[in-house]
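In terms of this note's numbering, the sequence shown has 251 at position 251, counting the first letter as 1, and numbering is strictly consecutive. We treat Cβ as the ideally placed atom computed from N, Cα and C, and that holds for glycine.
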Amino acid sequence: MDSLVSLIRCLISSQTCPGIHEEIQNHSQNAATAMRTAKEDMEVQLNNAHSQAVELTEKHEQMESEKMENLSSNDQLNLWMIFYQDSEKAAKKMGDTAQEHLDELMKQQKKVAKDEKWHSIARNIALVFLPFSNLMAGIIAAIFQTSLYIAQSAALELQGAIQHQKAKVFEYKEKCDLYDKKKKETQKKMEENKRKIEWIEEEIKKLSGKQENFGDQINDLRNHVQLLGDLLKKVEELELELSDEPDYAEALEVLKKIVTLWQKEKGQKLLNLLGDRVKKNLKDLKDAIQKLDTNDTVNTDV
């Protein structure tokens with residue numbers, strides 16, 4: 001824009017200084033070079049924004065994938081939790097039944113021990129009277145001995161059954177403890193997954209906001225590149241009008257078209273981006289064009 005302002009000032013001066021054409025040409029060439037550079041720089045920004053947008057999209061997809069993995073993991077963990085709960089319930093029920101059987105066996109053991117003790121005492125009493133009545137005492141002693149033997153055998157069997165039942169009770173208790181431990185581990189994993197899912201959802205919200213901003217930014221940059229391309233065409237047209245056989249009147253018309261492009265919506269947005277200096281240059285350019293229009297004369301002599 002600096003070169004265009006200098007150029008139109010030279011056009012104004014050409015009315016009183018016809019030999020200024022070479023300087024006008026230099027300004028037009030500089031304007032074309034500056035506009036070309038500006039367009040290339042804006043294209044670089046657009047490409048960078050595109051690359052960042054692609055990265056954001058890939059990261060968004062990755063986060064969505066991680067979220068789905070954690071949700072799927074929690075679904076599986078929930079199934080395991082149900083399995084452990086049901087298994088613990090079944091093991092507890094079987095353990096309670098085993099404990100009831102053990103309690104019953106313990107009662108029987110006490111009864112058998114009492115019977116065994118009684119038969120032992122009775123046999124011993126019979127043995128005491130054996131010298132006084134050999135036959136009768138012998139028969140009685142034999143009966144009590146047999147009963148004692150039966151009681152002792154029953155006691156041994158009961159002891160074996162009790163040991164076996166104790167092992168069953170212990171086994172079911174271990175299973176209950178194991179399932180309870182598994183439940184706690186599973187619950188911990190589910191809570192970790194839940195926290196991770198919540199964190200991922202927050203990150204996805206942030207990414208969505210950034211993507212929306214990048215979408216607007218890319219749209220603006222695309223419009224800026226398009227505008228700079230249109231401006232470049234006009235500046236190159238201006239350069240052509242001021243080449244070997246200059247036509248200052250046509251050059252002035254081209255400058256008016258350049259101002260018109262800046263005044264459109266896309267031009268206003270780019271002006272806001274470029275700042276006050278470019279806005280001032282545009283104002284100076286418009287004022288100079290108005291001055292030339294008021295004078296209604298441009299020297300075409302070179």
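Which term fits residue i, buried or exposed, when burial requires 16 or more other beta carbons within 10 angstroms of its beta carbon?
i      : result
Leu282 : buried
Thr186 : buried
Phe132 : Its pLDDT being 47, under 50, Phe132 is placed unreliably in this model, and the coordinates cannot settle the point.
Gly215 : exposed
Ile20  : buried
Lys107 : exposed
Glu212 : exposed
Leu156 : exposed
Ser28  : buried
Asn272 : exposed
Asn47  : exposed
Glu88  : buried
Leu292 : buried
Leu79  : exposed
Lys219 : Here residue 219 is Asn; the residue named in the question, Lys, does not match the sequence. So Asn219 counts as exposed.
Ala38  : buried
Arg123 : Legend: pLDDT at Arg123 = 49, less than 50; position of this residue unreliable, value from coordinates given subsequently. That one is buried.
Measuring alpha carbon to alpha carbon, tell me which residue in the options is nearest residue i.
i      : options                        : result
Ile24  : Leu252, Asn213, Gly267         : Leu252
Ala34  : Ile218, Val235, Glu100, Ile289 : Val235
Leu105 : Leu232, Arg195, Gln159         : Gln159
Leu221 : Leu274, Asp177, Met190         : Leu274
Gln163 : Gln109, Thr37, Leu255, Arg9    : Gln109
Ala53  : Lys194, Glu241, Gly209         : Gly209
Ala31  : Asp293, Asp103, Leu238, Leu102 : Leu238
His60  : Leu207, Leu232, Gln217         : Leu207
Lys194 : Asn74, Asp41, Glu55            : Asn74
Lys189 : Lys280, Gln62, Met81, Thr57    : Met81
Arg36  : Leu232, Arg277, Gln263         : Leu232
Gln380 : Lys279, Cys10, Leu56           : The structure shown does not extend to residue 380, since the chain is modelled only from 1 to 302, so the question has no answer here.
Ala161 : Ser243, Asp244, Asp103         : Asp103
Lys175 : Ser51, Lys92, Glu69, Asn26     : Lys92
Which first and last residues belong to the alpha helix (DSSP H) in which residue i is found?
i      : result
Gly267 : 265–274
Using a Cβ-Cβ cut-off of 8 Å (strictly less than) and excluding sequence neighbours within five positions of residue i, which residues of its own chain qualify?
i      : result
Lys67  : Ile197, Ile200, Glu201, Ile204
Lys173 : Gly95
Asp230 : Leu261
Lys266 : Asn223, His224, Gln226, Leu227
Ile289 : Ile8, Leu252, Leu255, Lys256, Val259
Met63  : Ile200, Glu203, Ile204, Leu207
Ser303 : There is no way to answer for residue 303, as the model of the chain reaches only from 1 to 302.
What does a CB cutoff of less than 7 Å around residue i pick up in its chain, not counting 5 residues either side in sequence?
i      : result
Lys286 : Val259
Ala98  : Gln165, Lys168, Val169, Tyr172
Leu270 : His224, Leu227
Ala90  : none
Tyr84  : Tyr179, Lys182, Lys183, Thr186
Leu71  : Ile197
Ala49  : Phe214, Gln217, Ile218, Leu221
Can you name, in chain order, every residue of its own chain whose Cβ lies under 6 Å from the Cβ of residue i, other than the five neighbours on each side?
i      : result
Glu43  : Val225
Leu240 : none
His101 : Gln165
Leu77  : Thr186, Lys189, Met190
Gln45  : Leu221
Contact criterion: CB-CB distance below 8 Å. Does residue i meet it with respect to chain B?
i      : result
Asp287 : In the structure shown, chain B does not exist; there is a single protein chain.
Item to complete: Return the chain-ordered ranges of every alpha helix (DSSP H) run that is complete within the stretch 188–248 and spans a minimum of 4 residues.
Response: none
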